[in-house]
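Asker: Residue numbering for the sequence shown is 372 to 500, as defined by our numbering.
C-beta atoms are modelled at their ideal positions from N, C-alpha and C, and glycine is treated no differently.
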Amino acid sequence: MPLQASLPAAQPVCVELDIHRVLNVRLEGDITPAVLDLAVSEISRVAGMARVDGLLLDGRRSGIAYETGQLAAAIEQIMDEISPRRCAVLATGERTHAFRVLESTARTFAVKTQPFTNEHEARAWLIQS
Numbered sequence: 372m373p374l375q376a377s378l379p380a381a382q383p384v385c386v387e388l389d390i391h392r393v394l395n396v397r398l399e400g401d402i403t404p405a406v407l408d409l410a411v412s413e414i415s416r417v418a419g420m421a422r423v424d425g426l427l428l429d430g431r432r433s434g435i436a437y438e439t440g441q442l443a444a445a446i447e448q449i450m451d452e453i454s455p456r457r458c459a460v461l462a463t464g465e466r467t468h469a470f471r472v473l474e475s476t477a478r479t480f481a482v483k484t485q486p487f488t489n490e491h492e493a494r495a496w497l498i499q500s
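#1: For residue 443, tell me which candidate among 496, 408 and 387 has the shortest Cα-Cα distance.
#2: Please state whether the Cβ-Cβ distance between residue 463 and residue 474 is less than 9 Å.
#3: What are the start and end residues of the alpha helix (DSSP H) that includes residue 441?
#4: Using the rule of at least 16 other Cβ atoms within 10 Å of the residue's Cβ for burial, across every protein chain shown, is residue 477 buried or exposed?
#5: Select from 481, 386, 429 and 460 the residue whose C-alpha is nearest the C-alpha of residue 419.
#6: So is residue 452 in contact with chain B if we call contact Cβ pairs under 9 Å?
#7: Consult DSSP for residue 396 and reduce its assignment to one of helix, strand or coil.
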């Protein structure tokens, strides 16, 4: 007998803190200003009072629907609240503008940033001493 119920829609933001103190943030669908606000809220909630050494942003399944200033403001708030040492970005080639905004904003917080296409390489870079 086939299932009749449809699957729930994918959550636009998923945030998890792993054993290596890397905060994993996965974004899906169009990243609107509301999704940016949700991401900031979820990051704050999940990180809580825990120490975060690295931030892994995975935007491979997302599209841009925000303005540059909105992204910069969200990044500033995230960096100010969790203070990671490093930030790795998993994205496709068309995300170069978004990465530049992240990189220039994170630099003011002394956070090293690096783009990746491979998640294993990104994680290895984040957890190195």
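Answerer: Straight from the coordinates:
#1: 408
#2: no
#3: 439 to 453
#4: buried
#5: 386
#6: Among the chains in the structure shown there is no chain B, since it carries only a single protein chain.
#7: strand
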